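*Asks:* Just dropping this structure here.
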Amino acid sequence: MTDALLKNGIKALRQQIDAPVAAFFSSCVHCGLCAEACLFYVETKDPRYTPIYKLEPMRRLWRNEFTVVGRIATWLGLTKSITDDELTQWETLVYDSCTMCGRCSLVCPVGNDITYMVRKMREGMSVSGHAPVELTEAAARHLDLGSPMGKLLPALEAQVAHARADTNIDITFDTPGVDYMVILSAQETAVYPGVIGAMAQLFKQAGVTWTISSECFEASNVGVQIGNRDLARTLIQRIVDAAEKLNVKGVISPECGHAYQALRWEGPNLIGRAYDFEVIHIIELLDKLRAQGRLKTKGQFPGRVTFHDPCQINRRGGIDAEPRRLLNMVAADFVEMEDAGTWSWCCSGGGGVGANRRADALRKKAFGRKKRQLENTEAATIVTMCAYCHHTIEDALEENNMEMEVVSLTELMAAYL
Amino acid sequence: MDDFSFELLDWARGPGLEIASVLFVLGIALRLGEIAYIGRKPNFAPARGNPVVQGIKTIFTRTAPAPGMVKRAPAIHIGGWIFHIGFFVTILFYSAHIRVFDDWFEVPWSRWPSSIIAFVAVITMVALIVLLLTRIAHPVRRKISTAGDYAVWALTFAPLVTGYISAHDLTDAPALMKALHILSAEALMVAFPFTKLMHGITTFVARYYNGAIQGRKGAKS
Ligand code: SF4
Ligand code: SF4
């Protein structure tokens, strides 16, 4: 059983090796600088958390099978192949101590995109049965029940009813031919549903038409976090099918980092074609509406606010100036954290780390950098544009007895229309 | 002994250099061929930025350290910079090397005074020693170091030290020393394509890919 799993895992990993991976491994000079960028290393000083070290099994597979010298050495019996025990040891490096935040990929002097490779390494790990149990369970729920938190349609219907009552705006399900189909992360549907009413108000002012598909409204993608292409593809296909059925111009990727990464950047490659519709992040859309003069605000938030950049949306997604332009409309006292923007530090819960109980203690420690930076701003409010960052930071604030509140940027904008 | 030294020197200057050059060039071609052969899949996600332009830009911009990194790892940055620049200066601007280049390329080349080259060679060796010490002493660098890293260090240090001894006539066997110097440089050339020394070329490919992946998304690199 284990042998077959291992074989399939290695096969999946082999399929992930491409020219960039080969160029990256060929270029590594073992300088160790990537460690200095990684929240898990800088907060623990444990050298095992050096980003490139997290990829050691994959590096050997590349060298043994994709280089002539490696193939000769393997043929002569001089190389070591990947074992199941080794992958078991690497679980905590590939999943628990990497949020796929992308900082290491920005500092490597030879240009290695280590995060790109961690994403690929996870394919081999998950197929060989080495993914964290919480993620595997969430994957099964998502596949069978429509969301990583289970069946959420009744909850969503209730939240939409609340939002209708609160805003007096008609929010519809399954209306064809509108501008946008809105999808939500389970975190939003279950924990931060305020975003639904906020979008209703913002879109009403801007004259944007939208709907929610009752067949597919889940934005998150456990397949991308766990590293399982087949699962990721199935989940993306559900969104694509729903959007094409409703014949919308676009799909709004909500305040969720990995959902944006999955739908906007990985999705077309997973299904092997470009979509027939546009994918736009909610904050990108709001900024576009602002530029077109369709989004106007009045009044400003009274206290000091700071902004947390979700890694998958800014560093790995390129949405950097947009939230700042919006925030400056509604916050009189907006202060940036140290390293804000492209160099922002991860909330410590991304990439599936937050869902992985085995990683709890490590995640708490890794939050140390963000904690100090948050405190230095002396802000009472943290604005962000990812519901999972929101949730992770809220938990961390509580664990650290910090008196700060976290607010969604979409909701903040809607509060000042 | 002397006969042997001269024979060795002749071999190193003649067939040795030819063999090393051929292996150097073919090895690099093979390694680049390996990367190109694997290829990569087409990307269907509509671009938000220009991957090609950012890929090319990143080849250059990644030469500068990331913000705050010099402070976090001063020895590696400063040592690394001194070593890389010093190594190329001693190769490219030392008069004895230029005489060889003259034979090959017949292009005018600037020669630096030997005293300056000697100084550069010494600080280059000091930088290499510092880098070796950090490799042994720093927990991260020690953890990720392989036998190959130490071998490559020795292969890089050898031509510098033999060259210095040879240029300054520090032994009673100048021909032997010169032969050893040339042989050590040839060993470095042969090792280049098959060790991490290859980063001297593949880093341009890696930086391009890094910039292109980020550039497509309109993200910085
Ligand atoms: S920073 Fe880059 S070259 Fe240095 S060890 Fe990490 S991956 Fe290798
Ligand atoms: S992506 Fe982020 S968390 Fe993962 S290894 Fe790189 S720096 Fe560390």
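Taken in sequence, the protein lines are chains A and B.
According to my numbering, the first sequence is numbered sequentially starting from 1268.
According to my numbering, the second sequence is numbered sequentially starting from 30.
Beta carbons are placed, not taken as given, at the ideal position from N, Cα and C, and that holds for glycine.
Here the structure is a predicted model, which is why all the values come from computation and not from measurement.
Work out the CA separation of A:L1498 and A:P1535 for me, nearest whole Å.
*Replies:* By one-based count along the first sequence, residue 1535 of chain A stands at place 268. By one-based count along the first sequence, residue 1498 of chain A stands at place 231. A direct Cα-Cα distance of roughly 14 Å separates A:P1535 from A:L1498.
*Asks:* Between the beta-carbon of A:V1400 and the beta-carbon of A:V1361, is there less than 9 Å?
*Replies:* Working through the first sequence from its first residue, we reach residue 1400 of chain A at position 133. Working through the first sequence from its first residue, we reach residue 1361 of chain A at position 94. No, these two residues do not count as a Cβ contact at 9 Å.
*Asks:* Given 8 Å as the limit, is there contact between the region 1425-1433 of chain A and the region 1389-1404 of chain A, that is, 3 or more CB pairs closer than that?
*Replies:* no
*Asks:* Would you give the residue range spanned by the alpha helix (DSSP H) that B:F148 belongs to?
*Replies:* The residue you call residue 148 of chain B lines up with position 119 of the second sequence. Taken as a continuous stretch (DSSP letters only), the alpha helix (DSSP H) holding B:F148 covers 143-166.
*Asks:* Please list the residues of the region 93-122 of chain B that have a C-beta atom closer than 9 Å to any C-beta atom in chain A, keeping them in chain order.
*Replies:* P94, A95, P96, G97, M98, R101, A102, I105, H106, G109
*Asks:* Closest by CA to A:G1391, which one among A:E1551, A:E1589, A:L1273?
*Replies:* Walking along the first sequence from the start, residue 1391 of chain A turns up at place 124. Per the Cα distances, A:L1273.
*Asks:* Mind listing which residues of the region 1292-1306 of chain A have their C-beta closer than 8 Å to chain B's C-betas, in chain order?
*Replies:* Flagged, chain order: S1293, S1294, C1295, V1296, H1297, C1298, G1299, L1300, A1302, E1303, A1304.
*Asks:* Checking contacts by CB at 9 Å: is B:V234 closer than that to chain A?
*Replies:* Against the second sequence, residue 234 of chain B aligns to sequence position 205. Chain A contact via Cβ: present.
*Asks:* Which full runs of the alpha helix (DSSP H) of 4+ residues lie inside the region 1359-1433 of chain A, going along the chain?
*Replies:* As far as the region 1359-1433 of chain A is concerned, its whole alpha helix (DSSP H) runs of at least 4 residues are 1370-1374, 1381-1394, 1400-1412.
*Asks:* Relative to the C-alpha of B:H197, which residue among B:V151, B:T231, B:W182, B:A180 is closest?
*Replies:* As a first step, residue 197 of chain B is located in the second sequence; it is residue number 168 there, counting from the start. When only C-alpha atoms are compared, the closest one is B:V151.
*Asks:* By the 8 Å beta-carbon criterion, what residues does the region 57-69 of chain B contribute toward chain D?
*Replies:* No chain D is present in this structure, whose protein chains are A and B.
*Asks:* Can you tell me which of the three DSSP states A:E1645 falls into?
*Replies:* Along the first sequence, one-based indexing puts residue 1645 of chain A at 378. Coil, per DSSP.
*Asks:* When you compare the CB of A:I1519 with every CB in chain B, is at least one pair closer than 9 Å?
*Replies:* By 1-based counting over the first sequence, the position of residue 1519 of chain A is 252. No, because no Cβ of chain B sits closer than 9 Å to the Cβ of A:I1519.
*Asks:* Please confirm if the region 227-246 of chain B is in contact with the region 76-85 of chain B, defined as three or more CB-CB distances below 8 Å between the two stretches.
*Replies:* Yes, the region 227-246 of chain B is in contact with the region 76-85 of chain B.
*Asks:* Could you work out which residue in A:F1291, A:A1457, A:L1420, A:G1444 is closest to A:G1378 when comparing CA atoms only?
*Replies:* Along the first sequence, one-based indexing puts residue 1378 of chain A at 111. Among A:F1291, A:A1457, A:L1420, A:G1444, the Cα nearest to that of A:G1378 belongs to A:F1291.
*Asks:* Any beta-carbon of chain B closer than 9 Å to the one on A:W1610?
*Replies:* Indexing the first sequence from 1 puts residue 1610 of chain A at position 343. So, interface residue.
*Asks:* Say whether the region 1614-1626 of chain A touches the region 1354-1372 of chain A, bearing in mind that this needs 3 or more beta-carbon pairs closer than 8 Å, one atom from each stretch.
*Replies:* yes
*Asks:* Taking Cβ-Cβ distances shorter than 8 Å, what residues in chain A pair up with B:Y238?
*Replies:* In the second sequence, counting from the first residue as 1, residue 238 of chain B sits at position 209. Residues of chain A passing the Cβ test: A1286, P1287, A1290, F1291, G1378, D1380.
*Asks:* By a C-beta neighbour count over all protein chains shown, 10 Å radius and 16 as the cutoff for buried, is A:E1455 buried or exposed?
*Replies:* As a first step, residue 1455 of chain A is located in the first sequence; it is residue number 188 there, counting from the start. It counts as buried.
*Asks:* Chain B beta carbons: is any one of them nearer than 9 Å to that of A:N1581?
*Replies:* Here residue 1581 of chain A corresponds to residue number 314 of the first sequence, with the count starting at 1. Closer than 9 Å to some Cβ of chain B, the Cβ of A:N1581 qualifies, so yes.
*Asks:* Check whether the Cβ of A:G1621 sits closer than 8 Å to any heavy atom of ligand 2, and report yes or no.
*Replies:* Counted from its first residue, the first sequence places residue 1621 of chain A at position 354. If you check the C-beta of A:G1621 against ligand 2, you find no heavy atom less than 8 Å away.
*Asks:* Give the residues of chain A in contact with B:G43, contact being defined as C-beta atoms less than 9 Å apart.
*Replies:* Your numbering for residue 43 of chain B matches position 14 in the second sequence. Those do not exist, as B:G43 stays about 27 Å from chain A at its closest Cβ, beyond 9 Å.
*Asks:* Residues in the same chain with beta-carbon distance under 8 Å from A:R1691, minus the five sequence neighbours each way, listed in chain order, please.
*Replies:* The displayed coordinates of chain A run from 1268 to 1684. Any statement about residue 1691 of chain A would go beyond what the structure contains.
*Asks:* Label A:E1665 either buried or exposed according to how many other C-beta atoms from any shown protein chain fall within 10 Å of its C-beta, with 16 as the threshold for buried.
*Replies:* As a first step, residue 1665 of chain A must be located in the first sequence, where it is residue number 398. Per the 10 Å Cβ criterion, exposed.
*Asks:* Within 10 Å of its beta-carbon, does A:E1645 have 16 or more other beta-carbons around it, so buried, or fewer, so exposed?
*Replies:* In the first sequence, the residue the question calls residue 1645 of chain A occupies position 378. Exposed: under 16 other Cβ atoms inside 10 Å.
*Asks:* Could you please give the first and the last residue of the uninterrupted beta strand (DSSP E) stretch that includes A:Y1447?
*Replies:* Position 180 of the first sequence, counted from the first residue, corresponds to residue 1447 of chain A. Where A:Y1447 is concerned, the enclosing beta strand (DSSP E) stretches over 1447-1449.
*Asks:* Give every residue of the same chain whose Cβ lies closer than 8 Å to the Cβ of B:L212, excluding the five residues on either side of it in the sequence, and list them in chain order.
*Replies:* Within the second sequence, residue 212 of chain B is the residue found at index 183, counting from 1. Answer for B:L212: L37, A41, G45, listed in chain order.
*Asks:* Which residue from A:I1660, A:A1457, A:G1474 puts its Cα closest to that of A:A1425?
*Replies:* As a first step, residue 1425 of chain A must be located in the first sequence, where it is residue number 158. Of the listed residues, the one whose Cα sits closest to A:A1425 is A:A1457.
*Asks:* Return the Cβ separation of A:S1480 and A:A1509 in integer angstroms, given the expectation that the two are a contact with Cβ distance under 8 Å.
*Replies:* For the purposes of this step, residue 1480 of chain A is taken as residue 213 along the first sequence, with counting starting at 1. For the purposes of this step, residue 1509 of chain A is taken as residue 242 along the first sequence, with counting starting at 1. For a cut-off of 8 Å, the C-beta gap from A:S1480 to A:A1509 is around 4 Å, short enough to register as a contact.
*Asks:* Could you spell out the range, first to last residue, of the alpha helix (DSSP H) harbouring A:T1693?
*Replies:* An answer regarding residue 1693 of chain A cannot be provided, because it is not within the stretch 1268 to 1684 covered by chain A.
*Asks:* For A:A1633, which option in A:T1311, A:R1582, A:I1649, A:D1352 has the closest C-alpha, if you only look at C-alpha atoms?
*Replies:* One-based indexing of the first sequence puts residue 1633 of chain A at position 366. When only C-alpha atoms are compared, the closest one is A:T1311.
*Asks:* Counting only Cβ pairs nearer than 8 Å, list the residues of chain B close to A:L1373.
*Replies:* Counting from 1 along the first sequence, the entry for residue 1373 of chain A is found at position 106. Per Cβ cutoff of 8 Å: A95, K249, S250.
*Asks:* Which one of A:T1317, A:G1494, A:G1635, A:C1653 has the shortest CA to CA distance from A:I1550?
*Replies:* Within the first sequence, numbered from 1, the residue matching residue 1550 of chain A stands at position 283. For A:I1550, the nearest C-alpha among the options comes from A:C1653.
*Asks:* At a CB distance below 9 Å, what residues from the region 1581-1600 of chain A approach chain B? Give them in sequence order.
*Replies:* N1581, R1582, R1583, G1584, G1585, I1586, D1587
*Asks:* With the cut-off set at 9 Å, would you say A:D1543 and A:E1589 are in Cβ contact?
*Replies:* Stepping through the first sequence from its first residue, residue 1543 of chain A is reached at position 276. Stepping through the first sequence from its first residue, residue 1589 of chain A is reached at position 322. Their beta carbons are not under 9 Å apart, which means A:D1543 does not touch A:E1589 by this criterion.
*Asks:* Find the residues of chain B that neighbour A:F1544, judging by a C-beta separation of less than 8 Å, and give them in chain order.
*Replies:* One-based indexing of the first sequence puts residue 1544 of chain A at position 277. Result: empty, since nearest Cβ-Cβ is about 11 Å, beyond 8 Å.
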